[in-house]
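Chains as they are written, first to last, in the numbering used here: chain D, 314 to 732; chain Z, 49 to 489.
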Amino acid sequence: MKYVCFELRKIFGAKYVWIIAAAMLALNCAVALYTANETKKTEMIPSDVAVDFFRLCADDPDTIRENYIVFMKNIAGQQSGEEGGGTPTSNTYSDTYPDMLFYALLNSTDTSFRTYGDDIEGVIKTAETNLYELDFSGTPHGSYAYRNQSEVIRAYTEARNNVRIGFEYPHGWGEYFAYDAVNIFILIVTLTAASTVFTSELGAGILPVIRATRRGRGATAAAKIAALTAVSAAVALIFALSTFAIFGISFGCSSPYNAIQVISGHRLDPHVISVGEYFAITLLLQVLSAVLLSLSVLAVSVVFGHFAATYIFGLGVIGVSFLLNGIFYNHANAAVRYFNIIATMNADGLFERYRSVNVFGFPVEYPIFIAAVFLLLSVLLAAVFALVYSRASSAERFGAHRALGRRLLGKKNGAGEGI
Amino acid sequence: MLTLFRKRIIKKSVLFVLAAAALLLCSCGGDLEYFYDYGEYTPGDIQMFTYEESGDGVDGIVGVSRNVTTTHISIYNGELYFTAKNDADKSVSAGYTLYRYNPKTGNITYVCADPTCTHGTYDCPFYGIDAGYEFYIEDDNIYYRQQYSFYADDYSEDVSSDTYTKVNGFAMYNMKTGEYKWLRDNDSSYLLLDMVVHNGVCFYIDTLNDEKTGEWHDYFCSQDTKTGKITEYGIEYTPDMAFDGKLLLSAPDNSMYCLDIDTGEIHEGIGESCLYYKTDDGFIYVDDDGLKSCAPDGSGEKALGVGIDDLGYYYVTENYIYYTVREDTVMIRVPKSGGIYGSSDKTSHQLKSVDVRTVYRMKHDGSEKTEIWRPDIEENSSFFLPEDFVVLGRYIYCDCTSYDYDEEYDVWDIGLPDHRFIRYDTETGEIYRINPEEGEK
């Protein structure tokens, strides 16, 4: 623990880490605020007004139904030119927004929730027909194609039977989940912190000295890994939660206990989880991705031994991930579309519907597959770092004494030779 | 001092963020009072429908996996593949997608194997499949032309926008593995036609500009789908069919040539013809005189007794040649130019003569000519007129237009399009409508 604290102090002691972290946090807050404001402009009715209306619908549905019937009669009366026909642009629920908008919002939301069961049934029936046809054509039951269709049936039947959609106006969460710029900021700060851990010691010339000490290898390497993991996780959480705070303040949040399927884009999500649980999953994926990037940078830094090279490598990883996530794919199952750090941090693409990877003939869902691979890679990279870091040759140790000597003597060239 | 200041800042920032997030989580909408009830899902039975086996088939026939009908139905591994409007998209602007029809079960399934796919976005491998163009199936690979455009931001309508993306070219989809491969863009030219695929090499016509003369020509080309290598042959031949490492080509004057695919050499073929079927007995083809057959080596040319003026369409199975003959005409009411089908304003319509084709069949040697399907046109009734078709077993799967009788005006109108194609039972004369939306009736 002492070593971990020392490593943490070292990371926090670097001034540029603070400057970049503060700048990125401020920039993320500004971008998130701007995005929230732009999204608010597209709202049919402001979310707080809509929430009040939906609460009214839940509390007194009979009155709303009667009002709606009168509203529709008024429209019919006006269209046929009958006398006594009221105005369809009446303002029963708000002075600013006409009833028509409220009813349109209520209808679309209610229809979307009500028809969920039928839509999922459609998916199950399609998969059942596919399975029947595969059976008919003699496709082996052990093949990926067969297992995948079976898995779709299983997952969606479970969703169909267990998803409980509660009536409410969903808001806040969808807007938060859709905002993905935060991930770039998280990765840049993580990269900066990770680049510091090893290269700062190397640059100062004290690394070989540390290595030469009794606990200067295995224990120090483990401490570095633990400290960096903690910092990466903290960075991811602070950025994600501050973003959530901005969107929460801007829109408010609907119930975290409602099914994730209420969020637009997650209708075909086969997982029986609540919005709050999905939120927790996205945080975990963000942490996992940040940790993976930081460990890969750490592993590379011990090989390159140069701050600039390490930083460029990290930027390259972020850039490639960004490109893979952003470029156009005309096929949903293009694996690289999801199998990269940025896409994993966004999470929405992985969860919006059932998608699987063929692992030795078995279908494995993308979120599970990616989480497993990322974890495995993280462990592997940590092991690589620990191994390379711990292997210091006698020449390097000797070099350490020379470097130290140079520093102590304050001479640039040749000083300390033979120490 | 600075360290102390940093620590305070850290603590305060982290505490503030965590407090704000926790506060928001706590203040989120609380317990929900009303939940939607979807009941329990119980799987339904998939019913087998009536299908009678027959001794006839198309397994030994070369030329059937190329969709030869005008509305593109192709047979592969005993199933029918066809393009139709995407049933999952109920909007008027719904695009086309590729379906598979199992004639033995009556099931129609999307060839895209993802049950969660809407087939209405570029996520789907068959989104934007060009329904006016043919597709080809070989070794579980479907080769097809794909064409669509979209705006990444969904709002812009400016084609010069950075978010505007246009997709136009050839694609390949493997039905076993689900692998999708983009074969080539079609940016430089504007037409890719008459596709034939043999051993993974795609032959087609591409409209290319001759740099010397500046003129545009329909040049015969090929692309190896494994290496991506494109060969432009610089000749205006049309690929007709391929077998045993050979590709038959027809020149604009209908003279035939044969390309040795391995060596790239082009030899003279077996006379003047186009649209071949290769059977175990030889070739069946049409030339300027009519329907003919010849031995595998091109010798023994024999007229089969159906003149070019009578012949409408033909299709070859292992046992028979099915063909249509124009034997009658019927007057139907069609809208005048600019008019609308089904409009209540009957004065904007005019009468038009339509050919009535009768379907016959005969043995490959021209013997045993038998009438199979003569459209039954009686007043006060509806009828189907067969157009192009494929034959599998004892059933004819046929592009058909239906006609309804209008008693008030004593005339036939074009019926509502309630089918993608129909199945005609050659033994019983029963007709079934086949529609992706409703299944078989």
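Even glycine gets a Cβ: it sits at the ideal position worked out from N, Cα and C.
The Cβ of Z/L146 sits no closer than 8 Å to any Cβ of chain D.
Using a Cβ distance threshold of 8 Å, D/V630 and D/A549 do not count as a contacting pair. Around the beta carbon of D/L447, a 10 Å sphere encloses 16 or more other beta carbons of the protein chains shown; the residue is thus reported as buried. Contact between D/N671 and Z/P163 does not hold, since the beta-carbon distance rounds to 16 Å and is not under 8 Å. Annotation for Z/Y191: F183, Y184, F218, M220, M243, V245, C250 place their beta carbon closer than 7 Å to its own, counting only its chain and skipping 5 residues before and after. Along the length of the region 281–352 of chain Z, whole alpha helix (DSSP H) runs at least 4 residues long do not occur. The shortest C-alpha to C-alpha distance from D/L419 to any of D/I594, D/L369, D/Y445 is the one to D/L369. At a C-beta separation below 7 Å, D/R378 has no neighbours in chain Z, since its nearest C-beta there lies roughly 14 Å away. Residues I497, I655 of the same chain have their beta carbon placed closer than 8 Å to that of D/F635, with the five preceding and five following residues left out of the count. In this structure, Z/F268 sits away from Z/V110, with a CB-CB distance that is not shorter than 8 Å.
Taking the Cα of D/G455 as reference, the smallest distance to any Cα among D/P676, D/I683, D/D412, D/V701 is reached at D/P676.
Taking each of Z/T372, Z/A343, Z/N367 in turn and checking the Cα distance to Z/G353, the smallest one comes out for Z/T372.
Excluding residues up to 5 positions away in sequence, I121, L128, F437, V438, F469, R471 lie with their Cβ nearer than 7 Å to the Cβ of Z/Y445 in the same chain. One Cα belongs to Z/D266, the other to Z/G293, and the distance between them is close to 24 Å.
Between the region 449–464 of chain D and the region 659–666 of chain D there are fewer than three C-beta pairs closer than 8 Å, too few to call the two in contact. Secondary structure of Z/F251 (DSSP, three-state): strand. Using a Cβ-Cβ cut-off of 8 Å, D/I478 counts as an interface residue toward chain Z, since at least one Cβ of chain Z sits closer than that to its own. Pairing D/L606 with D/R467, the inter-Cα distance amounts to about 35 Å.
Between D/A603 and D/I538, the gap from beta carbon to beta carbon reaches 8 Å or more. Beta-bridge analysis with DSSP links Z/Q398 to Z/V382.
A Cβ of chain Z is located within less than 8 Å of the beta carbon of D/F426. Linking Z/D301 to Z/N257 through their CA atoms gives a straight-line distance of about 22 Å. Burial check for D/V692: the Cβ neighbour count within 10 Å stays below 16, so the residue is exposed. Inclusion of Z/A136 and Z/G168 in the CB contact set at 8 Å is warranted, their separation being smaller than that value. Using a Cβ distance threshold of 8 Å, D/A553 and D/L596 count as a contacting pair. Distances from the alpha-carbon of D/F325 to those of D/S545, D/T470, D/I437, D/N653 put D/S545 closest. Interface annotation, Z/Y84: in contact with chain D, CB-CB separation under 8 Å. Going by beta carbons, D/S563 and D/K353 fall inside the 8 Å limit. Between the alpha carbons of Z/N234 and Z/E259 lies a distance of about 18 Å. Judged by DSSP in its simplified three-state form, D/N571 adopts coil rather than helix or strand. Per DSSP, the beta-bridge partners of Z/S270 are Z/F251, Z/T279. Here Z/Y368 really is in contact with Z/R409; their C-beta atoms are around 4 Å apart, less than 8 Å. When the Cα atoms are used, D/S508 and D/Y679 turn out to be separated by approximately 30 Å. A Cβ-Cβ distance of about 14 Å is found for the pair D/G479 and D/C566, leaving them out of contact under the 8 Å criterion. Residue pairing by DSSP places D/K353 in no beta bridge whatsoever.
Note that the C-beta distance between Z/E100 and Z/R442 is below 8 Å.
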